[in-house]
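Step one of this worksheet: look at the structure below.
In my numbering, the protein residues as written are 11 to 111.
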């Protein structure tokens, strides 16, 4: 299984890649890559997708629009409410958070 977290901007999007063997304690177990929101960038991004990929993307107009472009190429797309995630993060004990959060 592969996991991708996506942060969508106006003209590009940034992906954080992990797989099921990734350790949250090891920053080397993730890969960060940015793609342009154009035909070339999307083609490069599509090559990274498998039918065993789970994607988490922010709940925003650009997030919904972007998710429609690849939802049929992956196992599942989860739309995340970033406000709720921030609230959860604020109440988590520091030792329980992921590195860099």
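No residue lacks a Cβ here, since even glycine has one placed at the ideal position from N, Cα and C. Keep in mind that this is a model prediction, so the values were computed, not measured.
> Pick from 68, 82, 47, 27: whose alpha carbon is nearest that of residue 8?
Replying inline: This structure cannot settle anything about residue 8, because the visible part of the chain is limited to 11 through 111.
>> Out of 84, 75, 83, which one is the CA nearest neighbour of residue 23?
In response: Within the chain shown, residue 23 is the residue found at index 13, counting from 1. Nearest option by C-alpha distance: 75.
> Looking only at its own chain, which residues have a Cβ that is under 6 Å from the Cβ of residue 18, when we skip the five neighbours before and after it?
Replying inline: As a position in the chain shown, residue 18 is number 8, starting the count at 1. So the list reads 72, 73, 76, once near-sequence residues are dropped.
>> Let me check one thing: in DSSP terms, what residues is residue 73 bridge-paired to?
In response: Taking the first residue of the chain shown as position 1, residue 73 is located at position 63. Looking at the DSSP assignment, residue 73 forms no beta bridge with any residue, so it has no partner.
>> Quick check on DSSP: helix, strand or coil for residue 66?
In response: Here residue 66 is taken as the residue at index 56 of the chain shown, counted from 1. Looking at residue 66 - three-state DSSP - the assignment turns out to be strand.
> If you compare alpha carbons, which of 30, 44, 56 is closest to residue 21?
Replying inline: What you label residue 21 is simply residue 11 of the chain shown in a count that begins at 1. Out of 30, 44, 56, 44 has the C-alpha closest to the C-alpha of residue 21.
> From residue 54 to residue 48, what distance separates their C-alpha atoms?
Replying inline: Translated into the one-based positions of the chain shown, residue 54 becomes position 44. Translated into the one-based positions of the chain shown, residue 48 becomes position 38. So the alpha carbons of these two residues sit roughly 10 Å apart.
> Looking at residue 65 and residue 87, is the spacing between their C-beta atoms short of 8 Å?
Replying inline: Locating residue 87 in the chain shown gives position 77, counting from the first residue. Locating residue 65 in the chain shown gives position 55, counting from the first residue. Yes, the Cβ-Cβ distance between residue 87 and residue 65 is below 8 Å.
> Which of the three DSSP states, helix, strand or coil, is assigned to residue 39?
Replying inline: Here residue 39 refers to the residue found at position 29 of the chain shown. Helix, per DSSP.
> Which of helix, strand or coil does DSSP assign to residue 61?
Replying inline: Walking along the chain shown from the start, residue 61 turns up at place 51. Note: residue 61 maps to coil in three-state DSSP.
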